[in-house]
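Have a look at the structure below, then the notes.
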Amino acid sequence: MALEEKTLRCRDCGQEFVFTTGEQEFYQSHGLQNEPSRCPQCRADRRRNRNGDGSRPRQMHTVTCAECGAGTQVPFEPTEGRPVYCRDCYTKQRKTV
Ligand SMILES: [Zn+2]
Ligand SMILES: [Zn+2]
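Below is the structure:
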């Protein structure tokens, strides 16, 4: 039986998407009986979310600037022993280098 492209509807976003013959072959070769119920975009989103790196806002860390002593927030975990600068001092540092 020749494979044909199928148009399916995503259960998450409701958009139609094409279940290509290549994907159907992939599904068959892996013994998957069910057709995909989500479009590639939503599948990718779900995969990202499972890794905990989806649309979540980045966690900010409050640190004290090593230069001027001002409290500032940085989007990364400060490493112990390494100076962290506020935005102003960081920009200044880069300019002087
Ligand atoms: Zn979708
Ligand atoms: Zn500073």
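Residue numbers for the sequence shown follow this note's numbering, so the first one is 492 and each next one is one higher.
From the three backbone atoms N, C-alpha and C, an ideal C-beta is built for every residue, glycine too.
Computed from a predicted structure; not experimentally measured.
- Put simply, of 500, 569, 571 and 581 the residue whose alpha carbon is nearest the alpha carbon of residue 559 is 581.
- Secondary structure at residue 516: helix, using DSSP grouped into helix, strand and coil.
- In this structure residue 504 is exposed. Its beta-carbon is surrounded by fewer than 16 other beta-carbon atoms within 10 angstroms.
- Residue 570 places its beta carbon 9 Å or farther from that of residue 562.
- Contact between the segment 525 to 545 and the segment 498 to 516 is present, with at least three C-beta pairs closer than 8 Å.
- When DSSP reads this structure, residue 567 sits in no beta bridge, so it has no partner.
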